[in-house]
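Same order as they appear, the protein sequences are chains A, B, C and D. Note that the working numbering has the first sequence beginning at 1030, numbered continuously upward. Note that the working numbering has the second sequence beginning at 1030, numbered continuously upward. Note that the working numbering has the third sequence beginning at 1030, numbered continuously upward. Note that the working numbering has the fourth sequence beginning at 1030, numbered continuously upward. Where a beta carbon is used, it is the ideal one built from N, C-alpha and C, also for glycine. These notes concern the structure reproduced below.
There are 4 protein chains.
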Amino acid sequence: MSTKVSIIGASGYVGGELLRLLSRHPGVEIVAAHSRVHAGEYVHRVHPNLRGVLSLQFTGEDPVSVASKSDLVFLSVPHGASVKLTPKLVDMGVRIIDMSADFRLKDPSAYKLWYHYEHPYPDLLGRFVYGLPELHREELRGARYASAPGCNAAAAILALAPLARSGMIRGTIVVDVKVGSSGAGGKPSLATHFSERFGVVRPYAPAGHRHVAEIEQELRAVSGREHAVAMSAHSVNMVRGILSTSHVFVDSGDMDPAKVWRAYREMYRDEPFIRFVRDKKGIFRYPDPKIVVGSNFADIGFELDPHTSRIVALSAIDNLMKGAAGSALQSMNLMLGFDERTALDAAPLHPI
Amino acid sequence: MSTKVSIIGASGYVGGELLRLLSRHPGVEIVAAHSRVHAGEYVHRVHPNLRGVLSLQFTGEDPVSVASKSDLVFLSVPHGASVKLTPKLVDMGVRIIDMSADFRLKDPSAYKLWYHYEHPYPDLLGRFVYGLPELHREELRGARYASAPGCNAAAAILALAPLARSGMIRGTIVVDVKVGSSGAGGKPSLATHFSERFGVVRPYAPAGHRHVAEIEQELRAVSGREHAVAMSAHSVNMVRGILSTSHVFVDSGDMDPAKVWRAYREMYRDEPFIRFVRDKKGIFRYPDPKIVVGSNFADIGFELDPHTSRIVALSAIDNLMKGAAGSALQSMNLMLGFDERTALDAAPLHPI
Amino acid sequence: MSTKVSIIGASGYVGGELLRLLSRHPGVEIVAAHSRVHAGEYVHRVHPNLRGVLSLQFTGEDPVSVASKSDLVFLSVPHGASVKLTPKLVDMGVRIIDMSADFRLKDPSAYKLWYHYEHPYPDLLGRFVYGLPELHREELRGARYASAPGCNAAAAILALAPLARSGMIRGTIVVDVKVGSSGAGGKPSLATHFSERFGVVRPYAPAGHRHVAEIEQELRAVSGREHAVAMSAHSVNMVRGILSTSHVFVDSGDMDPAKVWRAYREMYRDEPFIRFVRDKKGIFRYPDPKIVVGSNFADIGFELDPHTSRIVALSAIDNLMKGAAGSALQSMNLMLGFDERTALDAAPLHPI
Amino acid sequence: MSTKVSIIGASGYVGGELLRLLSRHPGVEIVAAHSRVHAGEYVHRVHPNLRGVLSLQFTGEDPVSVASKSDLVFLSVPHGASVKLTPKLVDMGVRIIDMSADFRLKDPSAYKLWYHYEHPYPDLLGRFVYGLPELHREELRGARYASAPGCNAAAAILALAPLARSGMIRGTIVVDVKVGSSGAGGKPSLATHFSERFGVVRPYAPAGHRHVAEIEQELRAVSGREHAVAMSAHSVNMVRGILSTSHVFVDSGDMDPAKVWRAYREMYRDEPFIRFVRDKKGIFRYPDPKIVVGSNFADIGFELDPHTSRIVALSAIDNLMKGAAGSALQSMNLMLGFDERTALDAAPLHPI
C-alpha cells in the first residue's frame, strides 16, 4: 500500500522537482499537487518536462484539506508562508517536510538576527530535524518533521562538517559560493531577464547571506564549538548547480593531505550520495556542478595551500536536488522507512 | 539470467551514454566497455558523471574477443571503422547494434554518393534494420542487426514521416537543423575550442549533409514516393539537443490543422516516446530541445503558414538519447524482448 | 556646430545603443534622452555600460517639446506609439528616424494584413525612406524621414537582395532565422526568465512573422517581381546577434559559384559594412553572429546545393547594430551629410 | 609622424586584441604582426573579427629583425619564451612591452618560488615597470620597458591596493577569482573542448596560482608591509571577463562605508578607467564582468560584513582589455607621450 504524499506549493521549481522524483517512486502515491494560481491546470503546463510523465492537475483546495488526505506533506511555500501553515498541520498529525527556512534554525533569536522576524512558534523549532541525512540520519529515521536545508548551506556544510568535526579549523571560514539561476525561483524580474542575466558573475549577496545562520548552527553541532562564517554568493551563467569554495585556515601542521582525507573518509565513508573528487590528472580534478546535474550527488574535494596554511574545501551539488528536493526525498525515505536511495539513483548526465 | 552486452568504442559520448543507460537496465550485464586508448582506466575517468555509478574499467581486448563473450554488441566506432569490424561479428552470430552510418542505407550506391566510398559489403545492408522503433518496430522485434539512426536524421524523420505517409508533401522539403556540440563528439579541435565555439550560430553544413540520404530513404519507405530534401545544419550554443525545423509545402487545401493533427496522431498515437507539443499559451508552445534533455522523448509539433501553403514541422530531441543511445537501447529492448521502455523512463529535467 | 539630436524612448535596448553610438559621434550633440518611466534618472542606471561614458539624465519632458529643440529625433517607441507621435513631429519640420515598424511599409493595406491595424496616415508612408543604406543610399542622402528596418528583415534582405536583383530566384524563399534575446527588448516576462530561456532553441514565430512584409517589399523593389517569403524565427541561446539562413531555389544552370559571387559583388562591392565570408578552411567559413557582435558589419556568404538546385544564402548581423541602431546611425549620417561611417567604425570583438 | 609598433606573437588572443586596438590608434603604425605558424596568412584568418578592419599579413620574419624596424615591440609570447628574447631587444634599444610574466616580478627569488625557474637576467627585472597605470603612472611616462600585469592579478590588485594603502588590512587576504575561457588562450585541449567546458564552475587553481606573487608584490609596494594572499581561481561559463572577490578582514572600527569609500576615492579619484559601482537599487549594484566587456574599464565596489569584520572588495575587468591588451596600450600611451585614453575609449556593450 502506497504512502499518500502531497505537495503544497507545487508550481515552483522545487515543487516541480519533487513531482519529477515522486513520479518514479514505487512506494508513494501523489495525492495532490497544490497551487492556488494554477488550480485546474495540468502540471505539465507549468513543468513542461513532465508532459507524458505525470498526468495530474494542480489543485486549489485548501492546504489543510489537502493535508487531511495525506500521510506526508511537502511544504514548498516561501519563507513566512510556511510558518503560518505548519502549526495547523502539526496539530493534524501529518508528517511534514518543510522546504522553507522557517524551521531550519533551532535558536529562535537567530530568526530575528538573520530573517528579521520574531519566530511565532519557537517551541516547534526543536521538533524539526535538519534534513541533511549525512549529518542527521538517525534523527530522520521515523521522524515526523523535517526541514530541508538551504541550497547554498547544504553545499557549504557538506564540505566543512568533516573539517569542523576534526577540530582543525582556525578562525573565520570564508565561503564563496557560485550558483545557478534556478535557486532564485521561477518568478520573472529584471534581474532574471535573460538579456540582463546571461553571462554574469553577479555578486548578489556579498555579505549578510541568511544561510550563514544554518551553516554556523550545523558546524557547531558537529564540532561543539563556535565557527564564524564569512559568506559571499554570486550568480553565474548557468541554471542548475552550486559550487561552494570554502577557504579554511588551519595550523601549518595540518597541511597534510592524508589527515584531511581521513577527516572526510571517517565521516562520509558509507554515504550513498557523497563522491570524493580529487584527481591528479583529467579535466574534472575537483568538484564541478556540471558533473552532478540531475543527480542527488554531492561531490566533495579539497586542495591544500601551504603558502597560507589553508584548506580549500570544494563541493558541488545540483541546487534543486541535493540542495532541495533530493535531500528532501532522501529524508522522506528515512522518515518512512524506505531504502534511502529510492527514486534518487539517476546518474548525472555528461556532457551537458 | 542477464543478457551479456558489450560496447566497442565506449569512450565516446555515445558510448558513455550507453553505459549510463545500461547501468540502470535490470535485464542486462555489461561485460565489456572497450576502448583501446583508455584500456585499464576506470570509466569514470572519461565519463566523470559515472563516478560512483558504475565501477568498471575499459578493456583494450580485441573487439572480436569481446564479442565472443557477448550476446549483443554496440558498435560505437567511427564511420569506416565499423564496416571493417561488422562482417567478422556477423559471422560470429552475435547481435549487433551499429551506431555508425555504415549500415544505415539500403542502397549501396548511396554510400558512394553521400559518403564517397564503395560499400564493401552491400549484401549485409539489407540485414540491418534502421533502428528507429517508430518506423520499424515490428522488424526490430527479435532482429539480430540494427543500425542506429543519425541524430539529425532521427529528428527530421520523426517530424516528417507522418506528412510523407499522408501524401501531402509537394516539392522539395527544406530541413533546417540546429544542434548542440555533443553531436560533434569528444575530440578537441579549434572549431570546438570553447572561446571559439561559445555563442555561435555556425552553419557547419549548409549543403551536402550526409543525413539527407537516410532521411530521403526513410520518407520514401513510408510514402512510396521520392522526396527531395534540402538540408542545412547549424551549431548552436548548447551541448545537448537538436531542433529540426522542416519547411514542407502542401496544397492550399491541406492548410488544415485537424488534417495535419490526424496525420501525426494516426502514426504516433501509441508511441511511448513521442510527445505532441502545440499549445496556444504558455512559453513552450512548440518543441524545444531544452525540454527533452536527458530523456528519450521526441517532442513534435507544427504550425501552418497559409501565406505560402507551408507546414512548419518541428521536432526536438536529445541528440545523445533519441538521436543515438536512447533509440539504440529502445531497439535493443525490442530485439531482446524486453519492455521497450526499460531503462528509458527518466523524465527530462526542468529548468536546466 | 553640432547637430542637435534627441531620442524618444531612450530607455530600451535600441535607445541605449543609440546613446552609446551618439556619445562617440563628433558631429552631434545629444540634447535629450527621453523616458517617461525613468525621468530624472541617470542613463547609466538603465544602461549600466554607459557609466563613466555619458553623464546624462533621462528627461520626462513632452516628446513634442523635446523635438522642438532638436534637429533630428530618433523615435524608439513601440509599434503603434510611433504612428501617433510622428504626424505631429512631421508638422514641426524636425528630421525623424523611426525605429518602429509604423512607417516601414509603403502599401497601407500591408499594415492591415500583417499588423492588423488600419494605418491612419497612409499619405505619410511614401515620405519615409526604408533605412537600409545598401538599398536606399541615394534616397537617404539629405532625406528628412527614414524608417529603420526590422532586425530580422535587415538580415534576410541583405542576403537576398543581390539574388533577387539577378533574377535567379525561383519559387518561394524559405527564411529560417536564429536570433538572440535582445531583439525581444528589455521587459521581463516568463518567456525571458533566465531559467526558462537559457539553452533554448525556441520556435517563437514559425509562421506569420511580420517582417515578411518588408522583406517581400524590398525584394520586389530590387527585382521588379513578386517574391513569396516563408519565414520562421527561433530564439537561441545568446543575447546579441542574428543568423539568417535563406533557402533559395534556382535553375540548375545557376548552380555556379562564380555567377552567385558576381551577383553579390556587383551590388555590394563598395559597401563599407558588408563583408563576404566564404572560406574553404578555418573555422569561420560562413557568416556567424559571434564575429559581428558590437559592430555594424553584415557578414554575408553562401553555399550551393546541387542536390536540390538551392543557394543557401547566409547573413549574420548584430541585431542592435546593423539590425537597428547601427543602420539608423548610418542613415542619419547620410541624411545629415556626415561620412557614412562616422561613429560606426568599431571593430567586432573576438573571442567573445 | 607615426610611431612604428610591432607585435611578436600576434596570433594569440592578446595579440589579436592589440591588433584591434592599434588599428584604431591615430598615432601609431603597425609595422609587423609576427607569427611563425601563421606567416603569410592574413590576420583575419586567425582573428576573424578583423576582416575588413585591418588588411595585414602575419610575418614570419625573425623577431630581432622585426624589432629593428620598430620603435616599440609588444612581446606577446609565452612565459619562458619572452625571457629568451628580451635581452636581445633591450640591447637594440627598442621599447618593449612584455605581455608575459617574465619581467613582472622584482625579486628574482620569486621566480624560483612561483614559476619554478631561475631567472637568467635578474638585473633586467628592475628596468621593467609593472604596467598598471593606476599604480605606476609616473614611472610609465617615458619608460622604455614595461611588463603588462597578469589578468587575475590586475583585477585583484585594483580592488585591494586602496585598502592596503590605507593600512586597514588585517591577516591573510582571500582572493576568489572567477574567470572566462579566453584567459586560457587559443590552444584547444580537452579541458577547453566546448562540450566539457560549457556550464562549468571549475576550480582550476584552488591553490598555488602564480599571480599571488605579483599581487603580494604590488600590495607591499603601496602599503610598505607584507600581505599574505590566499588565492583560488575558477573557470566559469563565459569567454571574456573576470570577477575578483577579495575577502579582507579589518578591525571592527573600520566597518565604516565612508572610510572605505575614502580609501578608494583618494587613490582613484582621477583615474580614467576606474568606475565605482555600489548601488542600493537596480540590478548591477556591484561590479560584474558583463558590464565591462569590450572596454578598458575596471569596475570596483565593495560591501561590508559586520558579522565577521570583513570588507568584500569586488572588481570586474575584461581580461583581454584591462587585464592585458588594454593596460598594455594605456602603458604604451604613457611611454610614448600620447593621451592615456587614446584608442581605449570604446564604451562597453550592453546587453551582451
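Going straight from the alpha carbon of residue i to that of residue j, what length do you get?
i, j, result
"A/Lys-1288", "D/Glu-1295", "46 Å"
"A/Asp-1328", "C/Thr-1371", "54 Å"
"A/Phe-1305", "A/Gly-1330", "6 Å"
"C/Ile-1410", "C/Pro-1377", "Absent from the structure is residue 1410 of chain C, since the part of chain C shown begins at 1030 and ends at 1381."
"A/Met-1030", "A/His-1054", "13 Å"
"C/Gly-1196", "B/Val-1072", "58 Å"
"D/Val-1119", "D/Glu-1369", "24 Å"
"C/His-1076", "C/Gln-1086", "11 Å"
"D/Val-1095", "D/His-1063", "8 Å"
"D/Val-1043", "C/Ile-1244", "40 Å"
"A/Lys-1033", "B/Pro-1301", "27 Å"
"D/Met-1121", "D/Ser-1097", "7 Å"
"C/Ala-1061", "C/Ala-1039", "9 Å"
"A/Val-1277", "A/Ile-1202", "5 Å"
"A/Gly-1209", "B/Ser-1211", "22 Å"
Buried or exposed: which applies to residue i, given that a residue is buried once 16 or more other Cβ atoms fall within 10 Å of its Cβ?
i, result
"D/Glu-1225", "buried"
"B/Ser-1129", "buried"
"C/Arg-1017", "Within the shown structure, residues of chain C are numbered from 1030 to 1381, placing residue 1017 of chain C beyond reach of any answer."
"A/Val-1066", "exposed"
"C/Gly-1155", "exposed"
"A/Ala-1183", "buried"
"D/His-1256", "buried"
"C/Asp-1205", "buried"
"B/Pro-1016", "A question about residue 1016 of chain B goes unanswered here, because the residues of chain B that appear run from 1030 up to 1381."
"C/Arg-1133", "buried"
"B/Lys-1117", "exposed"
"D/Lys-1351", "buried"
"A/Leu-1373", "buried"
"B/Arg-1298", "exposed"
With a CB to CB cut of under 6 Å and the five nearest residues on each side skipped, what residues in its chain are close to residue i?
i, result
"C/His-1148", "Pro-1137, Tyr-1140"
"B/His-1238", "Met-1260, Ala-1262"
"C/Ala-1345", "Leu-1272, Pro-1316, Asp-1317, Pro-1318, Val-1321, Asp-1328"
Leaving out the 5 sequence neighbours to the left and right, which residues in its chain are closer than 7 Å to residue i when beta-carbon positions are compared?
i, result
"A/Met-1284", "Leu-1333, Pro-1335, Ser-1338"
"D/Asn-1266", "Phe-1227, Gly-1228, Val-1229"
"A/Pro-1286", "Leu-1333"
"D/Ser-1324", "Asp-1347, Met-1350, Ala-1375, Ala-1376, Pro-1377"
Helix, strand or coil: which one does DSSP assign to residue i?
i, result
"C/Tyr-1144", "helix"
"D/Leu-1085", "coil"
"B/Ser-1389", "The requested residue 1389 of chain B does not occur in the structure, where chain B is confined to residues 1030 to 1381."
"B/Pro-1232", "strand"
"C/Glu-1167", "helix"
"A/Gly-1330", "strand"
"A/Ile-1312", "coil"
Tell me whether residue i counts as near the ligand ATP, meaning its Cβ is closer than 7 Å to at least one heavy atom of that ligand.
i, result
"A/Phe-1367", "Absence of the ligand ATP is noted for the structure shown, with no ligands found whatsoever."
Listed from N- to C-terminal order along the chain, which residues in the region 1203-1226 of chain A have their beta-carbon within a distance smaller than 7 Å of any beta-carbon of chain C?
Ser-1210, Ser-1211, Gly-1215, Pro-1217, Ser-1218, Leu-1219, Thr-1221, His-1222, Phe-1223, Ser-1224, Arg-1226
Q: Below 7 Å between beta carbons is the criterion; list the residues of the region 1298-1312 of chain D that meet it against any residue of chain A, in chain order.
A: Ile-1312
*Residues, ordered as in the chain, of the region 1077-1107 of chain B that lie near chain A by beta-carbon distance below 9 Å*: Pro-1077, Asn-1078, Leu-1079, Arg-1080, Gly-1081, Val-1082, Leu-1083
Against chain C, which members of the region 1260-1281 of chain A pass a CB distance test of less than 7 Å? Val-1268
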